[in-house]
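Residue numbers (my numbering): 726 to 990. Single-structure report; data block below.
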């Protein structure tokens with residue numbers, strides 16, 4: 726079934742501050758390369774039949790390309806983002822405005838959260854990360870607004886500062902994840918909830934191989950995550966590798982660039 730995505734062209738992308746371990750301002754980043762790679766990702770979605778809408782980038786917000794962090798959209802309702810770092814603060818209102826102007830019911834959050842960076846939606850539940858960027862109280866706020874059960878998971882490795890760097894839904898009922906990114910209790914929760922999950926190793930996690938997007942059949946994934954790709958193919962998924970190495974200099978991959986707009990269901 727085709728999906729509906731919101732993306733933001735990285736016209737102003739750069740690495741000029743460090744708010745996660747991937748970012749090294751002294752090394753810089755090539756905006757033109759980032760744009761070409763992002764365009765390849767957008768084209769991959771469109772070739773799969775998915776709809777891609779665009780939000781206008783804003784000068785001075787180099788991380789706005791990471792659209793997943795801008796909101797959480799479930800059942801046509803939009804739970805807005807409130808960023809942990811001031812450098813990204815204006816992104817939350819910009820994304821919420823985009824949705825409000827198009828008639829979506831929106832909630833401006835009272836608590837710090839970074840949208841789909843830390844909220845991943847399955848058929849019956851929303852998995853929610855905490856530990857680095859999203860306040861666990863935001864999990865309750867989202868549950869109350871969206872009317873979906875929210876399961877809290879604690880992240881413990883700063884390289885995997887958002888849930889979407891350590892886990893992605895394969896479909897509405899199963900996931901792939903890197904166990905060592907999670908606290909012992911959260912690992913046990915994941916084992917109980919997803920006994921047939923795809924488990925990723927350190928090498929694939931460390932190239933943000935889990936920052937992937939699946940439509941239930943096709944998985945768009947960082948090209949360097951070779952072992953994980955083989956396991957996905959073994960499970961029957963079609964794998965679409967993409968090169969987002971320039972955007973990874975800011976800690977982003979395919980999912981970071983992709984906010985899913987879920988309609989009424």
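We put the beta carbon where it would ideally sit given N, CA and C, even for glycine. From a predicted model like this one, the values you see are computed outputs, not experimental measurements.
DSSP, read as helix, strand or coil, puts residue 957 in helix. Spanning the alpha carbons of residue 973 and residue 902 requires a straight line of approximately 18 angstroms.
Spatial neighbours of residue 812 in its own chain (CB-CB distance under 8 angstroms, excluding positions within 5 residues in sequence) are listed in chain order as 742, 744 and 788. Contact between residue 857 and residue 883 is confirmed by a C-beta separation of about 6 angstroms, below the 8 angstroms threshold.
Under the three-state reduction of DSSP output, residue 807 falls in the strand class. Residue burial is scored here from C-beta neighbours: residue 980 has at least 16 other C-beta atoms within 10 angstroms and is therefore classed as buried.
In its chain, beyond the 5 residues on either side, 738 have a beta carbon closer than 6 angstroms to the beta carbon of residue 756. Between residue 816 and residue 786, the gap from beta carbon to beta carbon is short of 8 angstroms.
Excluding its 5 nearest sequence neighbours in each direction, residue 971 has C-beta neighbours in its own chain below 7 angstroms: 754, 755, 758, 759 and 762, listed in chain order. Counting other Cβ atoms within 10 Å of its Cβ, residue 952 stays below 16 and is therefore classed as exposed.
DSSP, reduced to helix, strand and coil, places residue 877 within a strand of the structure shown. Between residue 878 and residue 914 a beta carbon distance of about 7 angstroms is seen, short of the 8 angstroms cut, so the two are scored as contacting. Between residue 837 and residue 860, the alpha-carbon positions lie close to 5 angstroms from each other. About 5 angstroms separates the beta carbons of residue 730 and residue 983, which is inside the 8 angstroms limit, making them a contact pair. If you draw a straight line from the Cα of residue 853 to the Cα of residue 749, it is about 27 angstroms long. Residue environment: residue 955 is assigned as exposed (fewer than 16 neighbouring CB atoms within 10 Å of its CB, all protein chains considered). The three-state reading of DSSP puts residue 742 in coil, since its state is none of H, G, I, E or B.
For a cut-off of 8 angstroms, the C-beta gap from residue 942 to residue 928 is around 25 angstroms, too long to register as a contact.
Residue pairing by DSSP places residue 844 opposite 853 in a beta bridge. Take residue 933, set aside five residues on each side of it, and the residues of its chain with a beta-carbon closer than 7 angstroms to its own are 890, 947, 973 and 978, in chain order. The C-beta distance from residue 733 to residue 779 rounds to 7 angstroms, short enough to meet the 8 angstroms contact threshold. Boundaries of the alpha helix (DSSP H) harbouring residue 761: 756-772, taken from the DSSP string. Boundaries of the alpha helix (DSSP H) harbouring residue 918: 909-918, taken from the DSSP string.
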